[in-house]
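J.: The listed protein sequences correspond, in order, to chains B and L.
No gaps in the numbering here: position 281 of the first sequence is 281 in the UniProt record's numbering, and each next residue is one more.
No gaps in the numbering here: position 192 of the second sequence is 192 in the UniProt record's numbering, and each next residue is one more.
All C-beta atoms in this analysis are idealised placements derived from N, C-alpha and C, irrespective of residue type, glycine included.
Values in this document were obtained by computation on a predicted structure and should not be read as measured data.
Okay, here's the structure, questions in a sec.
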Amino acid sequence: MSAPGYTNLNSSVNYSLNGGATPSYQNGPGQPYPAMYPSSSYYSSTPQQAYPAAPGHKASVVNNDHMSNYYHNSNQPPPAGPGSGPSPYGPSSTSHPPTQPYGTTAPSSSGASQPPSAFQHPALYSMPTAYYGQHYPTSHPQSLPLSQPPQPNLVSVSSGTSMNAPLYPIVSYPSAPGSSQYGTLRSSQMSSGQPPVSTVMAPPSSGTEQQFVQGNGSSIPASVTPAHQSYADPLLSQTAAVNGQANAVPQHYEHSLHTPMTQHYGGPPPTSQGPDGDRPPSGTSTSVHSSPGHQQGLQYGGYIANSGVSSSAATARDHSSSSSDADEEDEEDEEAGADSSSSTTGSASPVPNSYESLEGGSYPDSSIPPPADPSKRAPPFGYSYPSMQPGYQQGSSSRPDSSPSHRGYNPPGYQAQYSQPFPSLSQLSAALGGLSGVPELEVDALRPVNLIQERNLLPPTHTASPEPNLSTELKKVNCSPDTFRCTLTSIPQTQALLNKARLPLGLLLHPFRDLTQLPVITSNTIVRCRSCRTYINPFVSFLDQRRWKCNLCYRVNDVPDEFMYNPVTRSYGEPHKRPEIQNSTVEFIASSDYMLRPPQPAAYLFVLDVSHNAIEAGYLNVFCQSLLENLDKLPGDTRTKIGFLTFDSTIHFYNLQEGLSQPQMLVVSDIDDVFIPTHDSLLVNLKESKELVKELLTALPRMFTNTRETHSALGPALQAAFKLMSPTGGRVSVFQTQLPTLGAGLLHSREDPNQRSSTKGVQHLGPATDFYKKLALDCSGQQIGVDLFLLSSQYSDLASLACVSKYSAGSIFYYPTFHHIHNPAQRQKFQKDLQRYLTRKIGFEAVMRIRCTKGLSIHTFHGNFFVRSTDLLSLANVNPDSGFAVQVSIEESLADTSLACFQAALLYTSSKGKRRIRVHTLCLPVVSQLSDVFAGADVEAITCLLANMAIDRSISSSLTDARDALVNAVVDSLSAYRANGSSLQPVGVIAPASLRLFPLYVLALLKQKALRTGTSTRLDDRVFAMCEFKSQPLKHMMRMVHPDLYRIDNLSEQGALHLNDCVIPQPPLLQLSAEKLTREGAFLMDCGSVMYLWVGKCCSEIFIRDVLGYPNYASIPPNMTEIPELETQSSQRTRAFLSWLQESRTFFPCFYVLKDDPSTKTSFFQHLVEDRTESAQSYYEFLLHIQQQICH
Amino acid sequence: MVLLTMIFRVADGMPLAASMQEDGQSGRDLQQYQTQAKQLCRKLNEQSPSRCSLEAGEMTFHYAIEKGVCYLVLCEAGFPKKLSFAYLEDIETEFNEQYGKKVPKASRPYSFIEFDTYIQKTKKSYIDSRARRNLGNINTELQDVQRIMVANIEEVLQRGEALSALDSKASNLSSLSKKYRSDAKYLNTRSTYAKVAAGAFFFIALIVYVRFWWF
């Protein structure tokens, strides 16, 4: 970036304006012109093709020229009047064609959009001379004619638009490859963004304006050159006057401001550009986009003034939203000492509050005609609005993922219906834009969708979770959504607002997830807030070199000396560059203050059922085999301890003391008062007794082959295990195959098979006895985690047994029809699960605490653990496959903050005896508008949290209640949305785009084993499904709730992923409806822990031969569980795709090949949630039901 | 009976290894002793006697400091002192051999926790009464055991406290004296002002008097 040259240009602009000497700036533009047109045609016409071209970043310099160039051009017409406007645009006619792709209606849309651009520029440039709108009135009439006779002037006018088009890309162009497409997007968006202006824009803009004022206040003194100053001024006035459209321009300013700044900071060019590159995904409203950017510019300006602040701090600051602006300002406030202007901006952050009053006219600009004028122009805008839509569509279709769904909106009916709803949306978006607080994404997320009319809502690929509306800098360091996710990516300011939205607020955590990259920090002092004990994190603010302010409780803390040294760069005095500040997920090596006792060794105890039933099922063999194979891979060090215990009606211990020639079996038959026969030789050091352990494992399966003992004394065996483990703590793995029938904790069959498909409530979802819960709590107290493997084909009262794992932070595995010979798929799954289970990472004696910003409070926890104190979760064991959910409420208003943070800290002992603390910090913006809350809704997280809540409800109250509550959740949130956009027509089920899948997911939830009624479901199956919901991480859960369906008989290379010379086809996701299935195809359904390959009756024989290895459909065996490794291309592709899917989860999924016959109905078709079943509604019926509920 | 063993670096009190206490079976609450052991880690320094027994109620701590590493063991009060020190000696030799060179580099607590395995084993052989007899014979040369200082744990732990109390008293005193000094100064200046004011008043009165009575 040639910053100096650039500033020159700027100054020349100002000059020329002030002096009225146009030629001076004609020089500049003259050259860039040619360069610009090609680019414009690129962007506007074929965004996708432009995509690859975008990476060429070299153009950045040229781009700058473009920008300036553009200004000049657009500058000119206003003073010269419409007539003269075209002339400087001589080439403009050539540039026009590119805009055509917007559709036939493009002209009108451009007509609508142009006038603003025409008059915004005059406004812009004239401002420097006359502060508030002296020019304005004059320029305005000129621009009006442009807009009112829309068609005739279009050529000249649209040239302006077409200029716009290239312009936008240019702005974001240098930043990232993806940005080009947004160029079009934005340009089209800009046009669509304007109509709202007519009616509503004024207020928000004044809000923005206020911000600008203050922003300028701080930046003006700060800005480096006079040129800048004047630059900022126009901005100010312009935004005030021109409202929404104006916002488009500040964007350039942002960049123009940036560029000079880059001189000062060596680093910033990438960072200042970066933001735009990152932001595009949202890409809907320009206005939104621009203003934050503008703010950035100012920020930088302000920065220089505070010359003491280093560049990295500057980058850290670059927020994109108004809300974060406030925070930014706060930060700056503190850093700069006392900058009064910036502090006022801080207070102005809740713009909506102030904007009403501003509208009253206390502001100079609100009295200026323009704001009124747009409203006069409203009809033309409204008229042209529908026509804008295509442009909008095109813009959005340039995004790979959304295109199909968007295309669906085309039908004329849509326009008819939406022409009215739209203004209110646009009102929203405009408001948002004016607030400068919401990135484009959110406006897109707010687009109302009529669910009844639009069937194809499912995106063809997995969409990423919605990103919180933060500055790119914050986004970059924010916690990964896989680890930490919030149901609302924008936190409502008050509980009242949250109640209005009727959406649940909560967090979904996967804290011990396997991570590929994790900064581990060893230091003597772990820096934490002194009052709330928050760990230092990227979202704290450094007041100066010696002090930092906690982002949760706002206490100012000292930076310890040690923290001044950065071990990564080996430099001193850069506390903000330490890894703790650069990463939101870090791990600390804990000091001895974090230990109550010396770190425990890894200790594993296996409690095995060896009754007749167990031997019949034959799991023992599989288990011993797996353990033998993985004995060396068990996580641990030389201290690792291992022990075995078997039980039927008695309990058998195994003495594995080093030095024995073979394992000794000790039988305790007194199950009423269990005692440990010998203390130190039952749980032995694995390293020293490895030979004995191996011997035992080879002998075990044969030892009980002829047993006639059918009873099972699980309770006493667990008591024995507890006693054995309590000195050390560790993991107890229980393998059980039937209902416990002896001793403490015996259970009786509670299931009535005739009630399995009852539509009335389901009984016995809770435990029958509290024995297991009590035992689990004892275990938890001694740091023992109990994992339960239930391999039972009969009812075993999982509801009671599961308690032993639930409260001791264990995991539950269930193999309902396990048999080592008759069910090879389950056997394979058991084997693979064991392998993962035995070798996965494990943390011992763990505790987890979740902290959140003052004003928020965490109240209900979901998952497997014991809540020791109000917010401390005791996890005897922690494993990488368990997820947690918590509900959050807002206790105090968050009005005085713009960011809400959540921090989860997990303190655990690794299997190597290291005490570690893993800290995750999530930062989210706080919003004050209901629309923002809706825009930030994360539908997957909401679904998962609701599922957790529903399961609690069904246990505490009844299943029917839980189901009603789920439906009500949808009805409530959608009616809340409707009440919000009051002008929406009461037709159809309208949902914001962010929640468009909400009804579908809830319907899917209602059809899950856990919550369904009317379909025959075994009680244990149901209870297990409930346990899964409570303890699985979000991703896995979503796959269970709404499986992925792909057609795989025609996999192609198109859009395939290339991962280390391996081609992985990416077939589109299909809706879960039988109408998507064809007899000619083969379909893969991925339900998380199960995968089905459904082969249609008329599936091409080529596929069957090449992939399945059978000559024709008839010869496919009924219980196929694997795909053979064939050398054909389609086989390779299919297997590559399958293994790619399998890699995305930690546990191996069962795989079934199903043929198209009635027997598959239960397993496969039950997952097609959009279809009607005997007992459940189809998606369409469900929507109608919801519609009915909403209307009442 | 050996209940608790800890090995830590004397320089900064960083724990290096420890054996898990087994309070589950003995039913005793060792938490209190655990805390005391931790405090000892911090209190002991290079100047502390290299061998010492500390009485703590019905338990006794024995420690030995060798090459900057302190070996601390908690035994029942009745457990022979001789055996305890033999045990410490035993552990010290082995630890020094295995990890001696790495001690200064240890940066996290319990870096050598794997030494626990050896401690456990040694402990067992000392607890076992039959083995104990043999060991007793071997370690008779440990004659100077009797000369090892015996102190009360409270004294050791509170010695520092007494010093710090003295320190705080002294600083309190000095700050009070400072305050007195400033107060005195203030009073002095005030009285000076009063004198000046009185003088000035008298002077003015004089002038007024002269003015009104002489003219």
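So the candidates are B:508, B:471 and B:601; which of them puts its Cα closest to the Cα of residue 116 of chain L?
T.: Along the second sequence, one-based indexing puts residue 116 of chain L at 116. Nearest of B:508, B:471 and B:601 to residue 116 of chain L, Cα basis: B:601.
J.: Have a look at the DSSP bridge pairing and note the partners of residue 510 of chain B.
T.: Within the first sequence, the letter at position 510 stands for residue 510 of chain B. According to DSSP, residue 510 of chain B bridges with nothing at all.
J.: Just the C-alpha distance for residue 834 of chain B and residue 903 of chain B, rounded to the nearest angstrom, thanks.
T.: Position 834 of the first sequence, counted from the start, is the residue given in the question as residue 834 of chain B. Position 903 of the first sequence, counted from the start, is the residue given in the question as residue 903 of chain B. Between residue 834 of chain B and residue 903 of chain B, the C-alpha separation is close to 32 angstroms.
J.: Under the assumption that residue 901 of chain B contacts residue 870 of chain B (Cβ atoms under 8 angstroms), give the Cβ distance between them as a whole number of angstroms.
T.: Against the first sequence, residue 901 of chain B aligns to sequence position 901. Against the first sequence, residue 870 of chain B aligns to sequence position 870. That pair is no contact at about 19 angstroms.
J.: Listed from N- to C-terminal order along the chain, which residues in the region 97-111 of chain L have their beta-carbon within a distance smaller than 8 angstroms of any beta-carbon of chain B?
T.: Listed by position along the chain: 107, 108, 109 and 110.
J.: Measuring CB to CB, does residue 959 of chain B end up less than 9 angstroms from residue 997 of chain B?
T.: To locate residue 959 of chain B, count along the first sequence from 1; it is residue 959. To locate residue 997 of chain B, count along the first sequence from 1; it is residue 997. In this structure, residue 997 of chain B does not lie closer than 9 angstroms to residue 959 of chain B by Cβ.
J.: By the three-class DSSP mapping on this structure, what secondary structure does residue 44 of chain L have?
T.: Position 44 of the second sequence, counting from 1, holds the residue named residue 44 of chain L. Here residue 44 of chain L sits in coil by DSSP.
J.: Measure the alpha-carbon distance for residue 925 of chain B versus residue 945 of chain B and round it to whole angstroms.
T.: Working through the first sequence from its first residue, we reach residue 925 of chain B at position 925. Working through the first sequence from its first residue, we reach residue 945 of chain B at position 945. In a straight line, the C-alpha of residue 925 of chain B is about 20 angstroms away from that of residue 945 of chain B.
J.: With a Cβ-Cβ cutoff of 9 angstroms, do residue 1173 of chain B and residue 1013 of chain B count as a contact?
T.: Your numbering for residue 1173 of chain B matches position 1173 in the first sequence. Your numbering for residue 1013 of chain B matches position 1013 in the first sequence. Not closer than 9 angstroms, so no.
J.: Can you have a look at residue 149 of chain L and say buried or exposed, based on whether 16 or more other CB atoms are within 10 angstroms of its CB?
T.: As a first step, residue 149 of chain L must be located in the second sequence, where it is residue number 149. It is exposed - the Cβ of residue 149 of chain L has fewer than 16 other Cβ atoms within 10 Å.
J.: For the region 683-706 of chain B, which residues have a CB atom closer than 9 angstroms to at least one CB atom of chain L, in sequence order?
T.: Going along the region 683-706 of chain B in chain order, one finds 685, 687 and 688 with a Cβ nearer than 9 angstroms to chain L.
J.: Give the DSSP bridge partners of residue 906 of chain B, in chain order.
T.: Reading the first sequence from its first residue, position 906 is the one you call residue 906 of chain B. Answer by DSSP bridge pairing, in chain order: B:848 and B:918.
J.: Kindly say whether residue 125 of chain L, judged by its beta-carbon, lies nearer than 9 angstroms to any beta-carbon of chain B.
T.: Taking the second sequence and counting its residues from 1, one reaches residue 125 of chain L at position 125. So, not an interface residue.
J.: Thinking C-beta only, is residue 576 of chain B closer than 9 angstroms to residue 1044 of chain B?
T.: For the purposes of this step, residue 1044 of chain B is taken as residue 1044 along the first sequence, with counting starting at 1. For the purposes of this step, residue 576 of chain B is taken as residue 576 along the first sequence, with counting starting at 1. Their beta carbons are not under 9 angstroms apart, which means residue 1044 of chain B does not touch residue 576 of chain B by this criterion.
J.: Between residue 122 of chain L and chain B, is the shortest Cβ-Cβ distance under 9 angstroms, so that the two count as touching?
T.: Numbered from 1 along the second sequence, position 122 holds the residue referred to as residue 122 of chain L. Residue 122 of chain L does not count as touching chain B.
J.: Does any residue of chain L have a CB that is nearer than 9 angstroms to the CB of residue 638 of chain B?
T.: As a first step, residue 638 of chain B must be located in the first sequence, where it is residue number 638. Yes, residue 638 of chain B lies at the interface with chain L (some Cβ there is under 9 angstroms from its Cβ).
J.: Enumerated in chain order, which unbroken segments of the beta strand (DSSP E) with a length of 3 residues or greater are wholly contained in the region 1061-1092 of chain B?
T.: The qualifying runs are 1062-1064 and 1082-1086.
J.: Check each candidate in B:1048, B:1064 and B:1007 and name the one with the smallest Cα separation from residue 1042 of chain B.
T.: On the first sequence, position 1042 is the one that residue 1042 of chain B refers to. Taking only the C-alpha atoms, the option nearest residue 1042 of chain B is B:1007.
J.: Counting only runs that start and end within the region 519-599 of chain B, where is the beta strand (DSSP E) found for 3 or more residues in a row?
T.: For the region 519-599 of chain B, whole beta strand (DSSP E) runs of length 3 or above, ordered along the chain, are 547-549, 556-558 and 585-589.
J.: Note down, in chain order, all residues in the region 898-931 of chain B with a beta-carbon under 9 angstroms from any beta-carbon belonging to chain L.
T.: Those residues of the region 898-931 of chain B that come within reach of chain L (Cβ to Cβ, closer than 9 angstroms) are 912, 913, 914 and 915.
J.: Is residue 1058 of chain B helix, strand or coil by DSSP?
T.: Your numbering for residue 1058 of chain B matches position 1058 in the first sequence. Looking at residue 1058 of chain B - three-state DSSP - the assignment turns out to be strand.
J.: Go through its chain and collect everything with a Cβ distance to residue 800 of chain B's Cβ below 7 angstroms, but skip five positions before and after it.
T.: In the first sequence, the residue the question calls residue 800 of chain B occupies position 800. Cβ within range, chain order: 747, 767, 768, 769 and 772.
J.: Say whether chain B places a C-beta atom closer than 9 angstroms to the C-beta of residue 15 of chain L.
T.: Position 15 of the second sequence, counted from the first residue, corresponds to residue 15 of chain L. Chain B contact via Cβ: present.
J.: Go through its chain and collect everything with a Cβ distance to residue 215 of chain L's Cβ below 8 angstroms, but skip five positions before and after it.
T.: Position 215 of the second sequence, counted from the start, is the residue given in the question as residue 215 of chain L. No residues qualify anywhere along the chain.
J.: Under 7 angstroms between beta-carbons, which chain L residues line up against residue 600 of chain B? List them in chain order, please.
T.: For the purposes of this step, residue 600 of chain B is identified with residue 600 of the first sequence, where counting begins at 1. Going along chain L in sequence order, the residues near residue 600 of chain B (Cβ under 7 angstroms) are 20.
J.: DSSP on residue 1271 of chain B, reduced to helix/strand/coil?
T.: Residue 1271 of chain B cannot be examined here, being either before or after the span of chain B that is shown, 1 to 1192.
J.: Should residue 963 of chain B go down as buried or exposed, given a rule of 16 or more other Cβ atoms within 10 Å for buried?
T.: For the purposes of this step, residue 963 of chain B is taken as the residue at position 963 of the first sequence. Classification for residue 963 of chain B: buried.
J.: Below 7 angstroms CB to CB, which residues in the same chain sit around residue 622 of chain B once its five sequence neighbours on both sides are set aside?
T.: The residue you call residue 622 of chain B lines up with position 622 of the first sequence. These residues qualify, in order along the chain: 820, 827, 830 and 831.
J.: Quick one: list the residues of chain A neighbouring residue 117 of chain L, beta-carbon separation under 9 angstroms, in chain order.
T.: In the structure shown, chain A cannot be found, because the protein chains are B and L.
J.: For a test of the three-state rule: what should DSSP assign to residue 185 of chain L, helix, strand or coil?
T.: One-based indexing of the second sequence puts residue 185 of chain L at position 185. Residue state, collapsed to three classes: helix.
J.: Determine the extent of the alpha helix (DSSP H) in which residue 701 of chain B is found, giving its start and end residues.
T.: If you number the first sequence from 1, residue 701 of chain B lands on position 701. It spans 690-703 - the alpha helix (DSSP H) in which residue 701 of chain B sits, taken as one unbroken run.
J.: Spell out a yes or no on whether the region 1018-1028 of chain B and the region 1100-1112 of chain B are touching, meaning 3 or more CB-CB pairs, one atom from each, closer than 8 angstroms.
T.: Touching, no, given that fewer than three Cβ pairs across the two stretches are closer than 8 angstroms.
J.: Could you check whether the Cβ of residue 113 of chain L sits closer than 9 angstroms to any Cβ belonging to chain B?
T.: The residue given as residue 113 of chain L occupies position 113 in the second sequence. Output row for residue 113 of chain L: interface = yes.
J.: Are residue 1130 of chain B and residue 1103 of chain B close, meaning C-beta to C-beta below 9 angstroms?
T.: As a first step, residue 1130 of chain B is located in the first sequence; it is residue number 1130 there, counting from the start. As a first step, residue 1103 of chain B is located in the first sequence; it is residue number 1103 there, counting from the start. The answer is yes: Cβ separation under 9 angstroms.
J.: Just how far apart, CA to CA, sit residue 1056 of chain B and residue 1140 of chain B?
T.: Start at 1 with the first residue of the first sequence, and residue 1056 of chain B comes out as number 1056. Start at 1 with the first residue of the first sequence, and residue 1140 of chain B comes out as number 1140. Rounded to the nearest angstrom, the two C-alpha atoms are 12 angstroms apart.
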